[in-house]
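The next block holds one structure in the form of structure tokens; read it before the comments.
Here's what the structure looks like:
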């Protein structure tokens with residue numbers, strides 16, 4: 002005597018042995034199997050024949066496992082992208098907060114001698130950083146010429162020069178500690194904002210394009 | 003019977019187009035495609051699920067668990083914003099291929 006529930010339980014075991022993971026894929030496949038058996042029995046097949054036809058139609062466990070495994074790299078790249086997004090978000094929030102905190106609330110070191118104007122200038126440097134980072138993130142897609150032209154890579158040259166200039170020139174200037182701190186903030190935060198905005202925008206656009214063309218999902 | 007390469011390539015645009023009409027679940031998607039193609043587009047049923055999961059991971063569609071009228075659990079899929087954009091792109095590309103093919107066919111019989 003054919004026992005449908007036992008046959009489905011055996012089929013589940015075979016799928017598990019083939020490497021189909023629980024709960025979601027296997028549960029979904031089982032629901033599909035039951036729907037198909039129900040439809041076939043309504044059309045006049047007996048349960049045993051309906052079960053055999055439905056199992057054949059759903060495919061072999063090893064073939065399905067191989068297809069499901071192709072999703073894993075996409076899942077990994079999605080996690081990396083999510084981590085990057087969080088990192089970018091945190092840096093555009095934390096760096097200005099730390100700078101403003103130092104300029105307005107820390108009472109020792111270079112920041113302690115700052116005038117009110119210099120504190121405002123520090124705030125402006127921090128805001129420039131966030132604006133440049135967010136501008137790069139949101140504006141990157143709006144300038145296709147910048148993305149396709151070699152000029153997009155040249156953006157790193159002035160940024161690099163600014164950083165090198167900061168290291169080489171500033172120590173030789175006779176400025177007060179407070180003035181030095183304000184200039185250093187601009188000199189460091191502005192290129193950093195450009196770099197982070199560029200990288201963030203580039204990563205977001207590349208991911209979107211890959212999603213649209215299906216390249217990120219490990220498709221055949 | 004349609005070649006398996008073409009069946010595989012057409013799976014994503016067909017699923018996206020079908021889901022643009024409203025949410026649906028695996029078995030219903032297969033039945034709908036089968037009915038619309040007079041049974042000529044014959045998918046191996048289980049192969050639809052990796053396609054759906056992949057599209058979900060790429061952010062083209064989303065899913066939710068629900069219940070059918072008979073109380074059976076079902077996983078319903080629906081289109082996301084990126085899925086709509088991807089569907090439009092697919093339509094443009096397939097229309098282009100179709101128009102080139104139709105043009106060549108027409109020239110052959112002139």
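Protein chains in written order, with my numbering: chain G, 2 to 221; chain Z, 3 to 112. Built from N, CA and C at the ideal position, the CB exists for glycine as well. The structure displayed is predicted, hence computed values, not measured ones.
Residue i to residue j span [Cα, whole Å]
i, j, result
"residue 55(G)", "residue 208(G)", "38 Å"
"residue 137(G)", "residue 84(Z)", "21 Å"
"residue 122(G)", "residue 187(G)", "9 Å"
"residue 92(G)", "residue 52(G)", "57 Å"
"residue 106(G)", "residue 178(G)", "17 Å"
"residue 46(G)", "residue 141(G)", "59 Å"
"residue 132(G)", "residue 101(G)", "15 Å"
"residue 42(G)", "residue 16(G)", "23 Å"
"residue 205(G)", "residue 189(G)", "24 Å"
"residue 103(G)", "residue 97(G)", "10 Å"
"residue 30(Z)", "residue 129(G)", "53 Å"
"residue 150(Z)", "residue 38(Z)", "There is no way to answer for residue 150(Z), as the model of chain Z reaches only from 3 to 112."
"residue 7(G)", "residue 110(Z)", "58 Å"
"residue 169(G)", "residue 158(G)", "16 Å"
"residue 174(G)", "residue 99(G)", "26 Å"
"residue 182(G)", "residue 87(G)", "28 Å"
"residue 117(G)", "residue 125(G)", "12 Å"
"residue 202(G)", "residue 40(G)", "50 Å"
"residue 57(Z)", "residue 64(G)", "19 Å"
"residue 167(G)", "residue 176(G)", "14 Å"
"residue 97(Z)", "residue 88(Z)", "14 Å"
"residue 84(G)", "residue 94(G)", "15 Å"
"residue 5(G)", "residue 40(Z)", "30 Å"
"residue 120(G)", "residue 172(G)", "21 Å"
"residue 105(Z)", "residue 95(Z)", "15 Å"
"residue 113(G)", "residue 180(G)", "11 Å"
"residue 218(G)", "residue 81(G)", "For residue 218(G), the pLDDT reaches just 39, beneath the cut-off of 50, and the residue's location in the model is therefore unreliable, leaving the point undetermined."
"residue 99(Z)", "residue 55(Z)", "27 Å"
"residue 107(Z)", "residue 5(Z)", "20 Å"
"residue 28(G)", "residue 162(G)", "58 Å"
"residue 139(G)", "residue 127(G)", "18 Å"
Presumed contact (8 Å Cβ cut-off) between residue i and residue j, rounded CB distance
i, j, result
"residue 26(G)", "residue 69(G)", "6 Å"
"residue 34(Z)", "residue 20(Z)", "6 Å"
"residue 21(G)", "residue 62(G)", "6 Å"
"residue 198(G)", "residue 135(G)", "7 Å"
"residue 79(G)", "residue 59(Z)", "6 Å"
"residue 36(Z)", "residue 3(Z)", "Incorrect: roughly 13 Å between the Cβ atoms, too far for contact."
Partners in chain Z for residue i, counting only beta-carbon separations shorter than 7 Å
i, result
"residue 33(G)", "28, 29 and 47"
"residue 210(G)", "Near residue 210(G) there are no residues of chain Z at all, since even the closest Cβ is about 11 Å away, more than 7 Å."
Under 8 Å between C-beta atoms of residue i and residue j
i, j, result
"residue 14(Z)", "residue 92(Z)", "yes"
"residue 63(Z)", "residue 50(Z)", "no"
"residue 30(G)", "residue 48(Z)", "yes"
"residue 48(G)", "residue 3(G)", "yes"
"residue 66(G)", "residue 19(G)", "yes"
"residue 58(G)", "residue 36(G)", "no"
"residue 78(Z)", "residue 26(Z)", "yes"
"residue 52(Z)", "residue 72(G)", "yes"
"residue 192(G)", "residue 165(G)", "no"
"residue 9(Z)", "residue 45(Z)", "yes"
"residue 195(G)", "residue 160(G)", "yes"
"residue 22(Z)", "residue 86(Z)", "yes"
8 Å Cβ cut-off: residues of chain G touching residue i
i, result
"residue 1(Z)", "Residue 1(Z) lies beyond the range of chain Z shown here (3 to 112); nothing can be said about it."
"residue 15(Z)", "In chain order: nothing, as chain G lies at least about 11 Å away."
Neighbour list for residue i in chain G, Cβ cutoff strictly below 9 Å
i, result
"residue 38(Z)", "The contacting residues do not exist; residue 38(Z) stays about 17 Å from chain G at best."
"residue 1(Z)", "A query on residue 1(Z) cannot be resolved here, the shown segment of chain Z reaching from 3 to 112 and no further."
Chain-ordered chain Z contacts of residue i [CB-CB under 8 Å]
i, result
"residue 6(G)", "What residue 6(G) touches in chain Z: nothing, since even the nearest Cβ is about 15 Å away."
"residue 59(G)", "46, 47 and 48"
"residue 65(G)", "48, 49, 51 and 52"
"residue 29(G)", "28, 51 and 77"
"residue 69(G)", "51, 52 and 55"
Amino acids of chain Z, ordered along the chain, whose beta-carbon sits closer than 9 Å to that of residue i
i, result
"residue 24(G)", "Residues of chain Z passing the Cβ test: none, with the nearest at roughly 11 Å."
Contact test: residue i Cβ vs the ligand SAM heavy atom, cutoff 7 Å
i, result
"residue 97(Z)", "The model depicted lacks the ligand SAM and carries no ligand whatsoever."
Any chance you could list the beta strand (DSSP E) runs of at least 3 consecutive residues sitting entirely within the segment 20–72 of chain Z, in chain order? 63–69
Contained alpha helix (DSSP H) runs [length at least 4] in the segment 51–129 of chain G, N- to C-terminal order: 62–70 and 72–106
Beta strand (DSSP E) segments (min. 3 residues) lying fully within the segment 13–50 of chain G: none
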